[in-house]
Amino acid sequence: MHPPHPARRRKLPVLVFDHVSKQYGEVTAVDDLSFEVPEGVIMGFLGPNGAGKTTSLRLVLDIVRPSAGRIEVLGRAPGQGARREVGFLPEERGLYRRMTARDSVIYFARLKGIRGAEARRAADRLLERVGLGGVGGRRIDALSKGMAQKVQLAAALVNAPRLVLLDEPFSGLDPVNQAVLEDIVLDLARNGSTVVFSTHVMQHAERLCHRLVLIASGRKLFDGTQDEARRQLPGRLQLTARGDPSGLPGVLRAEAEGGIGEWSDWQVTLAPGADPGDLLEACFARGLIVRRFEPHRPSLHDVFVHLVNPGGNGSGR
Amino acid sequence: MREVLIVAQREYRQLTSTRSFWITLLAIPLIIGFLALIPSLYGHKAGASAFFVLDRTGRYAEEIDRRVELDYQRSLLAGLVDYAKHWHVHAPPSGAVWADRRGRLIDDFDTEAFMKAGGIDAALAEIRPLLPPDATPFETPPRRFIRVGLPAGIAADASDEAFGAAVEKLLSTELDTPDGRRPFGLAAYIPEHPEDRSQPVRYWTSGRYDGGLSGLISGVVLHDLRARMMQEHGIDAAAGLAIELFYPATRVTAPEPGEGANRIALRSALPLGLAYLLLITIIVSGTMMLQGTIEERSNKLLETLLACIDANQLLQGKLIGVGAVGLTIAGTWLVFAIAGAYAIPADIMETLRPALQILHSPATIIYLAFYFVTGYLVTAILFLTIGAMSDSMQDAQGYLVPLVFCLTGPFLVLVGTVVDNPGGLLPVILSWIPIYTPFAMLARLGGGVSWVELAGTSALLLLFVFGEFALLGRVFRASLLRAGQPPKLRDLVRLMRR
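These protein sequence lines are chains A and B, in that order.
Using this note's numbering, you'd call the opening residue of the first sequence number 92 and step up by one each time.
Using this note's numbering, you'd call the opening residue of the second sequence number 40 and step up by one each time.
Set out below in structure tokens:
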């Protein structure tokens with residue numbers, strides 16, 4: 092199930108990474124990274140721990156400066172001007188413990204250039220939206236961790252940002268609040284905001300993202316749509332037939348997995364670019380009697396494991 | 040700039056909402072006020088004390104009363120002289136003993152002349168027409184000693200031992216006098232033959248209210264015994280006593296309060312007070328600022344902040360916010376000090392007036408403000424950087440202890456030396472070390488500093504502040520999102536070079 096893609100809108104890049112690198116002494120956190128994020132999309136920024144996702148997001152916000160390359164945020168260089176149109180939820184969350192939830196959101200609204208009364212209205216609206224309308228007057232240290240995270244989300248969105256950066260936004264949230272957050276992300280995209288979020292949980296990316304950028308060790312491994320990502324993996328299917336499908340066109344490998352009587356079960360790996368439908372047609376054409384034909388659609392998890400760890404044995408699940 | 044002020048406003052609100060801020064703000068003035076109150080409580084109790092004398096000779100009671108009265112009249116005359124001087128009564132009737140004496144000491148002859156001329160009532164009648172309209176009435180000083188009869192239970196022929204045993208029970212009591220009950224001050228026992236050195240004149244005091252009374256009584260006995268000895272040796276006792284009591288008129292020329300020897304000390308009082316205030320304010324507000332930054336680090340909210348503003352804006356906002364807290368503390372203490380000054384009696388205020396003369400020069404006021412602000416900046420940046428490098432107060436202690444030691448050590452030495460010699464080697468050296476310049480120059484301003492030194496140290500200080508802001512600003516920025524152990528000294532140097 093794919094999220095509705097804003098295909099009819101002209102997609103100007105709101106974020107451009109152009110051969111960007113970031114060195115910390117001897118360590119290369121981001122290595123010659125290039126990608127673009129078109130306006131209005133939800134982009135998943137994926138990668139294993141230490142891949143450089145957080146550094147990349149800090150580069151967007153001008154918290155750190157690139158060692159090489161160029162970054163463009165909403166058509167300009169990162170900095171004060173761009174920040175006002177960006178909302179950011181960091182991975183490590185925190186607020187002033189003695190401030191109330193409402194004052195926290197108002198404070199960040201004001202830092203983003205929103206004036207007093209408007210900031211107060213926006214804070215009330217956002218707190219209501221994340222389900223905290225009744226606790227605006229409570230201090231942060233009196234809220235649960237999940238509630239505080241939602242206050243921080245409200246603070247990140249209070250300036251109605253054109254570009255929203257969410258660093259591991261689902262971590263620490265219970266399933267109900269994860270669903271609330273997914274709704275908010277979809278709403279943002281529907282209202283024209285561009286959302287970039289990093290995550291380890293591929294199910295969220297699968298449900299939300301129009302595009303994906305996968306990085307590891309600071310380098311880009313993949314940039315494209317979910318379908319394009321899935322095509323990175325060889326096609327697989329399970330076949331129960333009276334005969335051996337190994338020689339059929341498009342079959343890279345066929346491994347027998349047992350069977351009953353004259354019927355054999357096969358795990359078939361397709362050659363790159365081969366279509367399962369063509370294989371089914373070839374089965375009929377060659378007279379191979381087929382009782383079960385189940386193409387396997389690779390998950391993003393499979394793609395992730397395959398791309399990040401191509402020699403590993405974790406793919407296929 | 041708007042973002043900087045928003046950060047400053049938040050810092051200010053958070054810090055001023057803490058309990059420690061209010062304790063700091065109010066505790067010191069209240070403690071000082073309480074300490075100032077203690078002497079006045081003492082003074083009230085010490086108004087007059089009661090004494091009695093067992094005179095086994097029967098010769099001295101009258102003379103003791105006369106000397107006590109003379110002592111009181113002398114205090115009236117002294118008070119009157121100060122009163123006339125305070126209200127600038129420059130045209131006294133010729134020969135008035137209370138007129139401006141130009142340092143001439145008041146002796147017994149003056150006092151007797153004062154009494155002969157009608158005493159306090161006559162003198163006040165003379166002065167009154169010459170006083171300015173706003174003059175306050177003369178406050179008659181209270182008597183210090185009131186003689187009472189022997190308390191019940193003490194026989195007029197008691198031995199010194201029996202007398203002493205009875206007096207022991209009265210040391211902490213009050214005695215009935217014509218002016219009501221007064222604390223016991225002294226009991227004197229004059230033996231039958233005081234000329235016999237085996238029979239000493241003895242005194243019992245409570246240790247609190249003697250005030251020279253024993254010396255006065257001894258003087259009476261001494262003069263009598265000497266007169267007798269003269270007589271025995273065929274010397275005219277009256278002439279001998281006159282010779283003995285003769286006292287040459289003496290005039291002491293000493294600087295007026297706030298002049299001469301006291302001038303530097305008094306003129307340095309305000310700048311030194313400001314330097315001290317600066318030191319306390321910096322340490323108090325610097326520690327608050329440090330805690331705030333550590334909280335931001337440990338609460339992981341720096342990244343959220345830095346997504347809205349850059350590190351320089353955060354640094355500036357914090358400096359302004361905590362600076363405002365420091366100024367609030369300093370300003371409140373100044374208000375307390377001014378309020379306290381109004382409560383000080385006019386004559387003491389007159390003495391302190393030279394301390395405020397330094398404020399008559401606009402240039403000096405500008406310099407006071409300049410050194411206060413730069414002094415704050417120089418050290419506040421250090422506190423802020425320590426906060427940015429530390430994950431906890433425990434981490435911060437490693438830097439904080441040496442810093443506070445470096446700040447306070449030379450300052451305490453400076454205060455001790457600057458009043459004696461503002462141009463001495465140590466104050467001058469400290470003036471040229473930027474981290475101490477504000478303290479040293481504030482402390483020296485009262486004693487007078489050359490323009491060359493003022494301009495030179497100020498220029499160096501400004502350069503240092505800018506350099507410090509640039510170098511430590513880098514450490515601050517680099518440290519904000521750092522994880523792991525606090526940086527070591529060599530790491531700091533590396534961060535400054537970035």
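The C-beta atom is built at its ideal place from N, Cα and C for all residues, glycine as well.
Check the C-beta distance from residue i over to residue j and give it rounded, since I have them as a contact under 8 Å.
{"i": "Gly414/B", "j": "Ile321/B", "result": "7 Å"}
{"i": "Ala296/A", "j": "Leu391/A", "result": "6 Å"}
{"i": "Pro449/B", "j": "Thr456/B", "result": "Actually they are not in contact, since the Cβ atoms of Pro449/B and Thr456/B sit about 10 Å apart, beyond 8 Å."}
{"i": "Lys203/A", "j": "Val276/A", "result": "Actually they are not in contact, since the Cβ atoms of Lys203/A and Val276/A sit about 20 Å apart, beyond 8 Å."}
{"i": "Ala365/A", "j": "Gly326/A", "result": "6 Å"}
Can you tell me whether residue i is helix, strand or coil according to DSSP?
{"i": "Gly299/B", "result": "Residue placement at Gly299/B is poorly supported in this model, since its pLDDT is 48, which falls under 50; the coordinates are not used for a value here."}
{"i": "Met134/A", "result": "strand"}
{"i": "Thr331/A", "result": "strand"}
{"i": "Ala270/A", "result": "helix"}
{"i": "Val488/B", "result": "coil"}
{"i": "Asp122/A", "result": "strand"}
{"i": "His125/B", "result": "helix"}
{"i": "Gln238/B", "result": "coil"}
{"i": "Ser112/A", "result": "strand"}
{"i": "Ser355/A", "result": "strand"}
{"i": "Pro401/B", "result": "helix"}
{"i": "Arg58/B", "result": "helix"}
{"i": "Phe91/B", "result": "strand"}
{"i": "Gly409/A", "result": "It is not possible to answer for residue 409/A, since the shown part of chain A is limited to 92 through 408."}
{"i": "Gly495/B", "result": "helix"}
Identify, in the order they occur along the chain, each residue of the same chain with its Cβ nearer than 8 Å to the Cβ of residue i, setting aside the five sequence neighbours on each side.
{"i": "Arg229/A", "result": "Thr191, Ala192"}
{"i": "Tyr213/B", "result": "The displayed chain sequence assigns Glu, not Tyr, to residue 213/B. For Glu213/B, where only same-chain residues beyond five positions count, the Cβ hits under 8 Å are Ala89, Arg220, Arg221, Pro222, Phe223."}
{"i": "Leu170/B", "result": "Trp126, Val128"}
{"i": "Ser112/A", "result": "Thr119, Val121, Asp122, Asp123, Leu124, Pro157, Ser158, Ala159, Gly160, Gly309"}
{"i": "Lys357/B", "result": "Val46, Ala47, Glu50, Met328, Gly331, Thr332, Leu423"}
{"i": "Leu163/B", "result": "Leu119, Phe177"}
{"i": "Pro266/A", "result": "none"}
{"i": "Glu182/A", "result": "Thr145, Asp258, Glu259, Ser262, Ser289"}
{"i": "Ala117/B", "result": "Ile145"}
{"i": "Pro129/A", "result": "Lys102, Leu103, Pro104, Val105, Thr285, Arg302"}
{"i": "Glu207/B", "result": "Trp243"}
{"i": "Lys84/B", "result": "For Lys84/B, the pLDDT reaches just 49, beneath the cut-off of 50, and the residue's location in the model is therefore unreliable, although a value from the coordinates is still provided. Here the set comprises Pro222."}
Near residue i, what residues of its chain come up, given a Cβ to Cβ distance below 6 Å and the 5 sequence neighbours on each side ignored?
{"i": "Pro386/A", "result": "Leu328, Pro367"}
{"i": "Cys374/A", "result": "Val381"}
{"i": "Ser245/B", "result": "Leu210, Phe223"}
{"i": "Glu298/B", "result": "Note on Glu298/B: pLDDT 47, under 50, position unreliable in the model; the coordinate value appears next. If we look at Glu298/B and ignore the five residues flanking it on each side, it has no Cβ neighbours."}
{"i": "Thr371/B", "result": "Leu64"}
{"i": "Val107/A", "result": "Glu127, Glu163"}
Starting from residue i and walking both ways along the beta strand (DSSP E), at which residues does that stretch end?
{"i": "Phe199/A", "result": "Unbroken run through Phe199/A is the alpha helix (DSSP H), 192-202; no beta strand (DSSP E)."}
{"i": "Thr290/A", "result": "285-290"}
{"i": "Val387/A", "result": "The sequence given here places His at residue 387/A; Val does not occur at that position. That run of the beta strand (DSSP E) goes 380-387."}
{"i": "Lys311/A", "result": "310-316"}
{"i": "Ala227/B", "result": "219-229"}
{"i": "Phe184/B", "result": "184-186"}
{"i": "Gly237/A", "result": "Not the beta strand (DSSP E): Gly237/A falls in the alpha helix (DSSP H), residues 236-248."}
{"i": "Ile159/B", "result": "Element bounds for Ile159/B: not the beta strand (DSSP E) but the alpha helix (DSSP H), 158-166."}
{"i": "Asp258/A", "result": "254-258"}
Following the continuous alpha helix (DSSP H) through residue i, name the residue where it begins and the one where it ends.
{"i": "Arg212/A", "result": "207-220"}
{"i": "His262/B", "result": "252-271"}
{"i": "Ile282/B", "result": "276-284"}
{"i": "Glu342/B", "result": "341-345"}
{"i": "Gly368/A", "result": "367-377"}
{"i": "Gly172/A", "result": "171-174"}
{"i": "Arg149/A", "result": "144-151"}
{"i": "Ala296/A", "result": "293-299"}
Tell me which same chain residues have a C-beta within less than 7 Å of the C-beta of residue i, skipping the five on either side of it?
{"i": "Ala435/B", "result": "Leu329, Ile333, Ile425, Gly426, Ser429"}
{"i": "Arg253/A", "result": "Val105, Leu165, Glu176, Ser284, Thr285"}
{"i": "Leu330/A", "result": "Pro336, Trp357, Val359, Val381, Arg383, Phe384"}
{"i": "Gln243/A", "result": "Leu180, Arg184, Leu186"}
{"i": "Leu279/A", "result": "Val255, Val286"}
{"i": "Ala246/A", "result": "Ser195, Val196, Phe199"}
Hey, which unbroken runs of the alpha helix (DSSP H) at 4 residues or more fall wholly within the segment 189-216 of chain B? Runs found: 199-207.
Give, in chain order, every unbroken run of the beta strand (DSSP E) that is at least 3 residues long and sits entirely within the segment 453-487 of chain B. none
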